[in-house]
Amino acid sequence: MTDAALRRVALHESGHALVAWLLPQQPDVVKLSVTPRGCAAGFTQQLGREALDMPTDLSLFTDLCVLLAGRLAEPRATTDSQRGHRTTINAPRKLPYSSFFHSACLKALGYLHTNRRD
1 MTDAALRRVA LHESGHALVA WLLPQQPDVV KLSVTPRGCA AGFTQQLGRE
51 ALDMPTDLSL FTDLCVLLAG RLAEPRATTD SQRGHRTTIN APRKLPYSSF
101 FHSACLKALG YLHTNRRD
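The numbering of the sequence shown is full-length UniProt numbering, which starts it at 1 and goes up by one.
Here it is in structure tokens:
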């Protein structure tokens, strides 16, 4: 990996970590890596959430903030733009759908749950 690519990955992952650290609703960041593994150039690991925790509007919003923070951190410090990994682009698009339609509590309808798999 070139120095420029390593710098970009470091900026991207630190964007995720910084926003997760700043938002009190987010689980703690436990690890950040810029070492390529598999198809990921780096990753930011947070503590897991309890499986039984119901998602709230605030937790959904803060999850989206963390997902988008990596992508937003890159152009602030670099001049060239890259398309990025598809996870960075697809995860924010899928998160609201899965949170609201797979197991959502809609005020007008009550609890909903579908078995659709993405």
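Ideal placement from N, C-alpha and C gives every residue a C-beta, glycine not left out. Here the structure is a predicted model, which means the values were calculated and not measured.
Assigned secondary structure, residue i (DSSP; H/G/I helix, E/B strand, else coil)
| i | result |
| --- | --- |
| Arg49 | coil |
| Gly38 | coil |
| Leu60 | helix |
| Ala73 | helix |
| Asp3 | helix |
Residues bridged to residue i (per DSSP)
| i | result |
| --- | --- |
| Ser33 | Phe43 |
Residue i, buried or exposed, once every other Cβ within 10 Å from all chains shown has been counted against 16
| i | result |
| --- | --- |
| Thr56 | exposed |
| Val19 | buried |
| residue 119 | Any property of residue 119 remains undetermined from this structure, which presents the chain solely from 1 to 118. |
| Gly38 | exposed |
| Gly48 | exposed |
| Ala41 | buried |
Selection from the options that minimises the alpha carbon distance to residue i
| i | options | result |
| --- | --- | --- |
| Pro74 | Thr2, Ser33, Gly48, Arg7 | Inspection of the sequence shows that residue 74 is occupied by Glu rather than by Pro. That would be Arg7, whose Cα lies nearest to the Cα of Glu74. |
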